[in-house]
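Structure record follows, encoded as C-alpha cells.
There are 2 protein chains.
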Amino acid sequence: MSIEAGGRIGLRQRKKAETRAMLSWAAIRLAVERGLDNVRVEDIAEAAGVSPRTFNNYFSSKGEAIVARHLDRSLRVVTELRRRPASEPLWESIVHAVLVQLDPGPELSGQPMPEHQQWVAGIRLMVAEPAVQGEFLRASALAEAGIATAVAERTGTDVQRDLYPQLVAAAVMAATNVATQHWLRADPPVEMRPLLTEALHQLAAGLPTP
Amino acid sequence: MSIEAGGRIGLRQRKKAETRAMLSWAAIRLAVERGLDNVRVEDIAEAAGVSPRTFNNYFSSKGEAIVARHLDRSLRVVTELRRRPASEPLWESIVHAVLVQLDPGPELSGQPMPEHQQWVAGIRLMVAEPAVQGEFLRASALAEAGIATAVAERTGTDVQRDLYPQLVAAAVMAATNVATQHWLRADPPVEMRPLLTEALHQLAAGLPTP
DNA sequence: CATAATTTTGCGTGAACCGCATATTTGCGT
DNA sequence: ACGCAAATATGCGGTTCACGCAAAATTATG
Numbered sequence: 002m003s004i005e006a007g008g009r010i011g012l013r014q015r016k017k018a019e020t021r022a023m024l025s026w027a028a029i030r031l032a033v034e035r036g037l038d039n040v041r042v043e044d045i046a047e048a049a050g051v052s053p054r055t056f057n058n059y060f061s062s063k064g065e066a067i068v069a070r071h072l073d074r075s076l077r078v079v080t081e082l083r084r085r086p087a088s089e090p091l092w093e094s095i096v097h098a099v100l101v102q103l104d105p106g107p108e109l110s111g112q113p114m115p116e117h118q119q120w121v122a123g124i125r126l127m128v129a130e131p132a133v134q135g136e137f138l139r140a141s142a143l144a145e146a147g148i149a150t151a152v153a154e155r156t157g158t159d160v161q162r163d164l165y166p167q168l169v170a171a172a173v174m175a176a177t178n179v180a181t182q183h184w185l186r187a188d189p190p191v192e193m194r195p196l197l198t199e200a201l202h203q204l205a206a207g208l209p210t211p
Numbered sequence: 002m003s004i005e006a007g008g009r010i011g012l013r014q015r016k017k018a019e020t021r022a023m024l025s026w027a028a029i030r031l032a033v034e035r036g037l038d039n040v041r042v043e044d045i046a047e048a049a050g051v052s053p054r055t056f057n058n059y060f061s062s063k064g065e066a067i068v069a070r071h072l073d074r075s076l077r078v079v080t081e082l083r084r085r086p087a088s089e090p091l092w093e094s095i096v097h098a099v100l101v102q103l104d105p106g107p108e109l110s111g112q113p114m115p116e117h118q119q120w121v122a123g124i125r126l127m128v129a130e131p132a133v134q135g136e137f138l139r140a141s142a143l144a145e146a147g148i149a150t151a152v153a154e155r156t157g158t159d160v161q162r163d164l165y166p167q168l169v170a171a172a173v174m175a176a177t178n179v180a181t182q183h184w185l186r187a188d189p190p191v192e193m194r195p196l197l198t199e200a201l202h203q204l205a206a207g208l209p210t211p
C-alpha cells in the first residue's frame, strides 16, 4: 500500500466523499421516482450500499441528503470567486464565478441526457416539497455566507461591521434563485446562462423601474 | 350569543388565530428558556392549553410553530404594500411597507421590555438553530412570493414571464435579512430602522463598489 | 506486522408526524 | 330559544426518524 494511486491525501477522504455523493444521488433518484414520502431512509441506505445507521452519520435528515449535491455546487462558486485575479472588477469576477457553476461538474460528464433530466427533476423536487425547501434555502444561505467572506477579503471591507459584503452576496444568491425558478418554470425551456446573466446585471444596475 | 362582541366575522376564525398565536408564542418562549431539544410538542401544547394532537393540526413541526409569528409579520409587508397608492413611486412604497413592519404589531403593545427581549431571543434562535433556520427561510420565501405578485400588479409586469417583479421581491427580502443579521449581531445594539433603510437604498442604487 | 485512529454497524430509546374515528364546539336557520 | 349541520378538538395507534452508545471492521502509521 506504499505506492499511492491518485489522491494526494487519504483514501479515507476519497471514500467518504464518494459515499456521500452516492447517498445524495440515491436520495434524489428515489425521491424523484416514487415521491418523497414513499422513500425510507432504509431504501436510500440500501441503494448506496451502506447501513441505515451510516446514512445518519452523513446526513441528519432525508432533506439534507437530497440537497447535498446542490450545496456542493453552490460552494464551488465561493472557491471559484477566490480564484479570480484581485485586479479584475468585482462584479465581473462574480459573474464568472457564478456562470462556471453552470458547467456540468466533474461528477457528471458521462451520460449526458438521462442523468441531466433527473438532476433537473431533482431541483424541481427541492423547490416543490416543503420538507426539502427549507434545506435547499439553508444551503443557499451557507453559500451566501461564503460569498460574503470572499467579497469582504477582496474589497477590504469587514463582514461583521459593513453591510456591503453581505448585501452583495445576498444579491448574488437572489439572482441565482430567481433565475433558477424561471428556468424551471419556462415552457418552452430556455437557456440558463442568459437568464442568469440578465438577472445579475439587473441587480447590479439597481433595478430601475421598467 | 346573539349580541356580537367585536369581530365582524366568525368567532371561530378569531379563536383559531388566537390558539395559533398562543402555540407559536409558547413554542418560542419555551425554546428560548430551556433550549429547543428540551421542549417536547407535549410541553408546547400544554402551555397553550390544548391537546398535543391539536398542535399538529396547526403546525406540522416545532420549527413551523416557532416561525409562525415571524411569518405573519412578514406577510403584513405584502398587505401594506398593496395599501399604498399606485401613484407613489414603487421603491418608495416598498420602503414604507417594510418599515411599517418594524412597529410592534397589535399583538404586542402591553409589556414593552420583557416580551420584546424574548422576541429578540426568539429571532436569534430562529437563525441559529439548524432545525428552525429552514423554516425561517421558507417563511421569507413565502413573503417574497407575495411581494413579487404585488409588484407585478403594480408595475403591469408578469410574474410568470418577467424577471423584474421577482428580482425586486428578492432584493427586498435580501435587504431585510441582511439588516436583521447585522442588527442581531451588533454590539452595542443599533437601531433597526436606519440599518434597513440603508440596506434597501444600497440595493436600489445597484451596489457600487465602495 | 502491530498498534492506533477512524469509520461502519447494530441495537435500543424517545419523540415526531399523521391518518382515522369520535367527541365537542360553533354557526345558522327557523 | 332550539336543534341541526359544519367545523374543530381530542384520543389512539402505527410508522418512521434521529441519535447515543458500544462493539466490530477498516484504514493509516511507525
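From first to last, the protein sequence lines stand for chains A and B.
All letters in the first sequence, in the order written, are residues 2 to 211 by the working numbering.
All letters in the second sequence, in the order written, are residues 2 to 211 by the working numbering.
The C-beta atom is built at its ideal place from N, Cα and C for all residues, glycine as well.
Since the structure is predicted, the reported quantities are computational estimates derived from the model, not experimental observations.
Listed by chain order, chain B residues near A/Gly207 by CB distance under 8 Å: Leu204, Ala205, Ala206, Gly207, Leu208
Top-ranked residue by Cα proximity to B/Leu1, from B/Ala28, B/Gln14, B/Gln161, B/Ala146: There is simply no residue 1 of chain B to check, as chain B begins at 2 and stops at 211 in what is shown.
Contiguous alpha helix (DSSP H) assignments of at least 4 residues, all confined to the stretch 88 to 141 of chain B: 91 to 101, 114 to 129
Selected residue, minimal CA-CA separation from B/Leu1, among A/Ser88, A/Ala175, A/Arg85: Examination of residue 1 of chain B is not possible in this model, given that chain B is present from 2 through 211 alone.
Test: B/Thr150 CB closer than 8 Å to a CB of chain A: no
C-beta neighbour in chain A for B/Leu103, strict 8 Å: no
Coil, strand or helix - B/Glu192 by DSSP: coil
Nonlocal neighbours in the same chain, by C-beta distance under 8 Å from B/Leu126, ignoring five residues either side: Ile29, Ala32, Val33, Leu37, Ile67, Val133
Under 8 Å by beta carbon: chain B residues contacting A/Val179: Leu164, Gln167, Leu168, Ala171
Under 7 Å by beta carbon: chain A residues contacting B/Leu183: The sequence shown places His at residue 183 of chain B, not Leu. Here the neighbours are Leu164.
Through-space distance from A/Thr210 to A/Ala200, alpha-carbon basis: 14 Å
Residues in the stretch 19 to 38 of chain A having any Cβ partner in chain B nearer than 9 Å: none
Beta-carbon neighbours of A/Glu199, restricted to chain B and to distances below 8 Å: Leu164
Under 7 Å from the C-beta of A/Gly135: neighbouring residues of chain B: Gly135, Glu136, Leu138, Arg139
Under 8 Å between C-beta atoms of A/Leu24 and A/Ile124: no
Extent of the continuous alpha helix (DSSP H) to which A/Val68 belongs: 63 to 84
Span of the alpha helix (DSSP H) around A/Leu31: 12 to 35
Where A/Phe60 sits in the DSSP three-state scheme: coil
Classification of B/Asn178 by the beta-carbon crowding that lies within 10 angstroms, buried from 16 upward: buried
Straight-line Cα distance separating B/Asp159 from B/Val128: 33 Å
Closer than 8 Å at the beta carbon, the chain A residues around B/Leu91: Thr210
Assumed close pair B/Leu91, B/Val152 - CB separation to whole angstroms, cut-off 8 Å: 7 Å
Spatial neighbours of B/Gln119 in its chain, beta-carbon cut-off 8 Å, leaving aside the 5 residues before and after: Ile29, Arg30, Val33
N- and C-terminal bounds of the alpha helix (DSSP H) containing B/Ala172: 165 to 186
Inter-residue spacing [alpha-carbon to alpha-carbon] between A/Val191 and A/Glu89: 30 Å
Within chain A, the residues that B/Arg186 reaches when beta carbons sit closer than 8 Å: Gln161
Neighbourhood of A/Ala98 by C-beta distance below 6 Å, restricted to the same chain and skipping five residues each side: Val78, Glu81, Leu82
Run of the alpha helix (DSSP H) containing A/Val42, from where it starts to where it stops: 42 to 49
Buried versus exposed call for A/His202 [16 or more other C-beta atoms within 10 Å across all chains shown]: exposed
Counted within 10 angstroms of its Cβ, other Cβ atoms place A/Leu103 as buried (16 or more) or exposed: exposed
Below-8 Å beta-carbon distance, A/Ala49 vs any chain B residue: no
Where A/Gly157 falls: helix, strand or coil (DSSP): coil
Residues of its chain near A/Ala149, where Cβ-Cβ distance is below 6 Å and the 5 sequence neighbours each way are ignored: Val160, Pro166, Gln167, Ala170
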